[in-house]
Amino acid sequence: MNQSIDDRMNPNPGRAKNKGCESCKTIKFCMNSWLDKNAVDAMERIMKRKVFSAGRKIYRRGNPSQSFYVVQSGTVKVERILGDGRHYVHGFYHSGDVFGIESFCHQSYCNDATALDDTQICAIERSQFELLSATNPQVQKMISQLISSELRLIEKRLIDRHLDVEKQLLIFLHDLTKRCCESFSEDRRFSLPMSQYDIASYLGVRHESVCRALKKMQRQGVTQKKSKNIEIINIDNALSPLHL
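For the sequence shown, counting from 1, position 33 maps to 33 in the UniProt record's numbering; every step adds exactly one.
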């Protein structure tokens, strides 16, 4: 099988230098924040840290679902590619987020997962996790917490879809700003790692509608166009009428 350029340059492709959970800057957002030190140490022993360059697939639909993942840094897009070639974006996952939890219910992945920028993740093999959960009540409880969090997110998205495109987009940008600023710094200016097409697919609206809404936000000083990226500048004022 032909190696990618990244793999030829990296003698150990896809593997990150081992780094303990306690020194990880995303620990307070990670699922391990629910655990005591002994449980964290046990989880750390079954985690494998990996790196993916922008655009690389982490897994594809139909691959055996042997692991689930925690984002350490970067952004991951999970999407379903339909038979007619259309892309349905299921979600975007950032530092501390868990994805691939369908591995608990299915023998193969239901979606594709792609790194949108240079991304580090922690891979947790399902079989090892299940063995650990059988002897550790805290880890066992984590499964239901993960599934509950995913269900709450789906419920929120269903409610938000009753709003107009501009309000949906404002809420999306607000949630993204809150996550990114909490994870990294108080600087509330950052560029979106996903495309406008991806955002439209995630919100379930037309791409043209997202473009119009973003242009309006640029005129209002909420966002700024920088090269191919959209930079979020000041979303709080735009959100105040929504009471978020």
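Where is the CB? At the ideal position from N, CA and C, for every residue including glycine.
Apart from the 5 residues on each side of it in sequence, Ala42 sits with its Cβ closer than 8 Å to the Cβ of Leu132, Asn136, Val139 in its chain, given in chain order.
The region 116-132 and the region 47-63 touch, with three or more beta-carbon pairs separated by less than 8 Å.
Of the other Cβ atoms in all chains shown, fewer than 16 fall within 10 Å of the Cβ of Ala134; this residue is therefore exposed. By the C-beta density criterion, Asp84 is exposed, having fewer than 16 other C-beta atoms within 10 angstroms.
Where Arg80 is concerned, the enclosing beta strand (DSSP E) starts and stops at 76-81. The beta carbons of Ile81 and His90 sit no closer together than 8 Å.
Going by DSSP, Phe52 is part of no alpha helix (DSSP H) but of the beta strand (DSSP E) stretching over 47-52. The alpha carbon of Ser103 has as its nearest neighbour, out of Phe68, Gly74, Phe172, Glu130, the alpha carbon of Phe68.
In terms of Cα proximity to Met47, the closest of Asn63, Val71, Lys156 is Val71. Ranking His94, Gln107, Glu231 by CA distance to the CA of Glu125 puts Gln107 first. Shown here, Ser133 sits in a helix according to DSSP, grouped into three states. For the pair Asn111 and Asn63, the Cα-to-Cα distance works out to about 9 Å.
For Phe129, the closest C-alpha among the options Ser149, Val40, Lys226 is that of Val40. Within the DSSP secondary-structure output, Cys122 pairs in a beta bridge with Arg49, Val70.
Your pair Ile58 and Thr114 checks out as a contact, with CB atoms roughly 7 Å apart and the cut at 8 Å.
Across the structure, Glu231 and Ser73 are spaced so that their CA atoms are roughly 19 Å apart. In this structure Leu146 touches Ile101 by the C-beta definition: roughly 5 Å separates them, less than 8 Å. For Ser65, the three-state secondary structure derived from DSSP is coil. Secondary structure at Val210: helix, using DSSP grouped into helix, strand and coil. When only Cα atoms are considered, Tyr93 and Asp175 end up about 12 Å apart. Membership of Gln196 in the alpha helix (DSSP H) is indicated by the continuous run 196-203.
Sequence-distant Cβ neighbours of Gln66 in its own chain, meaning closer than 8 Å and more than five residues away, are Ser103, Glu125, Arg126, Ser127.
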